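Last residue of the sequence shown: 1336 (the numbering used here), numbering continuous. A virtual CB, placed ideally from N, CA and C, is assigned to each residue, including glycine. Keep in mind the model is a prediction, meaning the values are calculated, not measured.
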Amino acid sequence: AELRSRLDRVKALRLAAQFERGLAEAQLVLAEARTLDWRPFIAEVEVAVGELRDRVGEHQEARATLHRAFLDATASGNDFIALRACIALTLVESTKLDRPDAGLEWAELALVLIERLNLQQGMHEASALYALARAQRARGELGLALATHRRVLALDESVHGPSHPDNAISLNAIGSLLFGQGQLDEAQAAHEQAWAIQEQTLGREHPDVANTLANLAKIAEARGQADRARELAREALKLEQAALGPAHRR
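Have a look at this one:
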């Protein structure tokens, strides 16, 4: 019960963007969990450690920890944690380690687990499809990625309603792809909608806002609005450094 409570605190720290503190606590919980030899719980903690390692820039270490989590979850019959590991591995491989083919394989496995666990049309399928879209984009399949992100947004809105932080993540992804196609008005509208949701639900100081502001800065620069682009980029950097520190590895 104590370790479960501490893992819940790790999750709270992550939600509060306290990634370094969350990782330190998660590693302590993992060390103690291993002494108990309770493999399903070990796998769950390993996923938390892997996800936090990714957030602090330790991408190779994140991949190794998440792979171990997948093996432990599968061996102990914990398909739900295996699914979480697959989704996280899709993102790490595709977006951080430049291995989109490996990411796509993990995404396909995640979708198989979604079907096996009968989790279609909900938040878990939305998470798996989001990871798939990121793998598709990394492979250069931009049309597929845009269509998949739009499916994710529709699922998110059906599950959470119109104003949820997950919706903002999808909107940012859609806006970024539209920007790449030169559709500046549509891209700006998507990013501004994401920004409004984030400020309402996360607060204007949250590090996720930094990504949205950086996207808007690119659009301002493309429009020739140099002063506005610099202002947005400075604010994005300030938010990121406040949350993650100046030495954070992307």
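Per-residue DSSP class, three states only, for residue i
i	result
residue 1102	coil
residue 1192	helix
residue 1096	helix
residue 1277	helix
residue 1174	helix
residue 1113	helix
residue 1108	helix
residue 1087	coil
residue 1213	helix
residue 1197	helix
residue 1285	helix
residue 1144	coil
residue 1218	helix
residue 1136	helix
residue 1324	helix
residue 1225	coil
residue 1184	coil
residue 1335	Its pLDDT being 49, under 50, residue 1335 is placed unreliably by the model, and the measurement read from it follows with that caveat. Correct three-state label for residue 1335: coil.
residue 1290	coil
residue 1319	helix
residue 1123	coil
residue 1270	helix
Residue j beta carbon less than 9 Å from that of residue i
i	j	result
residue 1096	residue 1111	yes
residue 1167	residue 1155	yes
residue 1162	residue 1126	yes
residue 1319	residue 1308	no
residue 1106	residue 1142	yes
residue 1140	residue 1182	yes
residue 1135	residue 1151	yes
residue 1268	residue 1228	no
residue 1198	residue 1219	no
residue 1233	residue 1217	no
residue 1109	residue 1131	no
Span of the alpha helix (DSSP H), counted from its first residue to its last, around residue i
i	result
residue 1251	1251-1266
residue 1244	1228-1246
residue 1308	1293-1308
residue 1163	Segment: none, residue 1163 is in no alpha helix (DSSP H) and carries neither H nor E.
Candidates the options: closest to residue i by CA position
i	options	result
residue 1260	1181, 1277, 1315, 1190	1277
residue 1211	1103, 1170, 1145, 1268	1170
residue 1300	1128, 1233, 1314	1314
residue 1089	1121, 1104, 1235	1121
residue 1328	1184, 1189, 1292, 1312	1292
residue 1104	1117, 1137, 1128, 1130	1137
residue 1147	1128, 1113, 1119, 1158	1113
residue 1189	1311, 1102, 1205, 1221	1221
residue 1102	1131, 1289, 1317	1289
residue 1236	1270, 1201, 1203, 1263	1263
residue 1270	1231, 1310, 1186	1310
Own chain, CB closer than 6 Å to residue i, minus 5 neighbours either side, in chain order
i	result
residue 1274	1305
residue 1279	1257
residue 1094	none
residue 1322	1296, 1299, 1300
residue 1214	1173, 1196, 1197, 1200
residue 1099	1107, 1108
Contacting residues, own chain, Cβ-Cβ under 7 Å from residue i (five flanking each side not counted)
i	result
residue 1249	1283, 1286, 1287
residue 1242	1212, 1250, 1252, 1253, 1256
residue 1335	Note on residue 1335: pLDDT 49, under 50, position unreliable in the model; no value is reported.
residue 1129	1155, 1158, 1159, 1162, 1164, 1167
8 Å CB neighbourhood of residue i in its chain, flanking five on each side removed
i	result
residue 1153	1171, 1175
residue 1208	1241, 1245
residue 1325	1291, 1292, 1293, 1295, 1296, 1299
residue 1203	1165, 1166, 1169, 1210
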